[in-house]
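Position one of the sequence shown corresponds to residue 1 (the UniProt record's numbering), numbered consecutively onward.
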Amino acid sequence: EMHQYLDSDGSGTSDVCVSSTIGSQRLEAATAWHKSSGKKAILGEFAGGSNSVCESAVTDMLTYMGESNDVWLGGLWWAAGP
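Here you go:
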């Protein structure tokens, strides 16, 4: 179980996402490790701001997780914060 926020420091304290592809980029290393270790993962918290870049970043991340469903069991949206 891990958390992933899409702002510059990964804290979820800003509603500005780094880019429209930051979601998949930040999950690549964890996905590779889980695959090589034969482990499954769940994204216990994730969120992005309410704007077009963050909406694209979340869509990108969820698409990546769906394409990597041999690793990712799902994710839980965190609804508090900016």
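Glycine residues also receive a C-beta, built at the ideal position from the N, C-alpha and C atoms.
DSSP three-state call for Ala-79: helix, strand or coil? DSSP, reduced to helix, strand and coil, places Ala-79 outside both helices and strands of the structure shown, so it counts as coil.
Note to self: Since Ala-41 and Ala-30 should fall inside the 8 angstroms C-beta cutoff, what is the C-beta to C-beta distance between them, to a whole number of angstroms?
What the structure shows: So it is a contact: roughly 7 angstroms between Cβ atoms.
Q: Please name the residue, chosen from Val-71, Gly-75 and Asp-70, that lies closest to Val-58 on a Cα-to-Cα basis.
A: It is Gly-75 whose Cα lies nearest to the Cα of Val-58.
Who are Ala-47's beta bridge partners in DSSP? According to DSSP, Ala-47 bridges with Tyr-5.
(Q) Am I right that Ser-24 and Tyr-64 are in contact with their C-beta atoms under 8 angstroms? What's the rounded C-beta distance? (A) Correct: roughly 4 angstroms between the Cβ atoms.
Item checked: Ser-56 vs Ser-20 beta-carbon contact at 8 angstroms -> With a cutoff of 8 angstroms on beta-carbon distance, Ser-56 and Ser-20 are scored as near each other.
Per the DSSP calculation, Ala-29 is bridged to which residue(s)? Listed as beta-bridge partners of Ala-29 by DSSP are no residues whatsoever.
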